[in-house]
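Our numbering numbers the first residue of the sequence shown as 41 and each following residue consecutively.
For glycine and all other residues, C-beta sits at the position ideal for the given N, C-alpha and C.
Here the structure is a predicted model, which means the values were calculated and not measured.
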Amino acid sequence: FRRPRMLRCLHLLREGARRLPARSRRALSFTYPTPRKLDDIVRMQLLMHQDADAIKQIWTDYHASKPGVYAGVLTGKRKYEVLLQRAERSPFFVYPMVAPEGDGFSVLVSNFQGKHCLLTSYEDYQEKKTEAQPHLVITLYDELVELKDLILVRTDICNSAIGDDAARSVNRALLTNYLTSEGYDRVYRFNHEPNNFPLEQYLADVNNHC
41 FRRPRMLRCL HLLREGARRL PARSRRALSF TYPTPRKLDD IVRMQLLMHQ
91 DADAIKQIWT DYHASKPGVY AGVLTGKRKY EVLLQRAERS PFFVYPMVAP
141 EGDGFSVLVS NFQGKHCLLT SYEDYQEKKT EAQPHLVITL YDELVELKDL
191 ILVRTDICNS AIGDDAARSV NRALLTNYLT SEGYDRVYRF NHEPNNFPLE
241 QYLADVNNHC
């Protein structure tokens with residue numbers, strides 16, 4: 041892709057995000073690739089009688105052999121509440137992702153919608169806006185947060201061009217950005233102070249590449 045075009049697209053994304061009403065931001069139309077409820081994946085009754093460590097093991101083992109799916113666990117009710125609050129206030133961000141052949145990178149645009157985070161390419165977002173199809177979907181299952189202090193996380197790959205390692209990297213980067221002070225400072229500026237967000241520096245820094 042051409043770098044000036046990419047920067048122009050991302051600038052439009054940031055400015056558009058500031059003007060869109062909340063309902064418009066969340067009107068992406070597609071079929072979710074992952075079950076919306078935890079009980080649709082694993083039997084809740086089975087998990088309710090396990091301790092936290094056993095639940096983590098069951099969750100990760102269940103998904104280990106499933107292609108295109110990455111499972112993780114977030115611990116701590118307060119941490120989860122912070123994540124949701126920040127995601128509601130600042131739903132958009134961008135993630136530069138190294139191309140599979142190692143030559144250059146593409147950019148994913150993330151949009152939190154409650155307990156789901158949808159990630160699509162900046163090209164699709166620019167062209168289709170709310171009709172853009174997700175390349176990754178990260179879902180937070182919080183049914184066990186009150187009793188077990190656990191949030192089960194699942195990342196579904198919706199685009200075969202994205203490998204498992206890249207999906208894991210995006211998952212880790214997203215949680216870090218919303219759960220650390222330094223990370224959320226970037227997310228907040230991107231959503232609310234776009235003129236103060238060092239976009240070119242952020243994209244050029246290899247430490248930010250997934």
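- Setting aside the 5 residues that flank it on each side, Leu78 is surrounded in the same chain by Met84, Tyr181, Glu183, Leu192, each with a C-beta closer than 7 Å to its C-beta; the list follows chain order.
- Within the segment 77-153, the complete beta strand (DSSP E) runs of at least 3 residues fall at 109-115, 132-138, 145-153.
- When Tyr120, Asp245, Leu239 are compared, the shortest CA-CA separation from Thr179 is found for Tyr120.
- Note: Ile178 is bridge-paired with Cys157, Thr195 in the DSSP secondary-structure output.
- Using a Cβ distance threshold of 8 Å, Arg208 and Tyr110 count as a contacting pair.
- Beta-bridge annotation (DSSP): Leu190 is paired with Thr115.
- Cβ neighbours of Arg226 within its own chain (closer than 8 Å, five residues either side excluded): Phe133, Asn217, Phe237, Tyr242.
- In this structure, DSSP gives Leu184 a state outside helix and strand, which the three-state scheme calls coil.
- A straight-line Cα-Cα distance of about 8 Å links Trp99 and Gly112.
- When C-alpha distances from His103 are compared across Ala92, Val82, Val122, the shortest belongs to Val82.
- Cβ neighbours of Gly116 within its own chain (closer than 7 Å, five residues either side excluded): Asp189.
- Excluding the 5 residues flanking it on each side, His249 has same chain C-beta neighbours closer than 8 Å at Pro136, Met137, Val138, Phe145, in chain order.
- Take the alpha-carbon of Ala94 and the one of Leu148: they are about 34 Å apart.
- Of the residues Leu159, Asp101, Asn199, Gln173, the one whose Cα lies closest to the Cα of Leu214 is Leu159.
- In the three-state DSSP reduction, Ala201 falls in the coil class, being neither helix nor strand.
- Boundaries of the alpha helix (DSSP H) around Gln166: 162-168.
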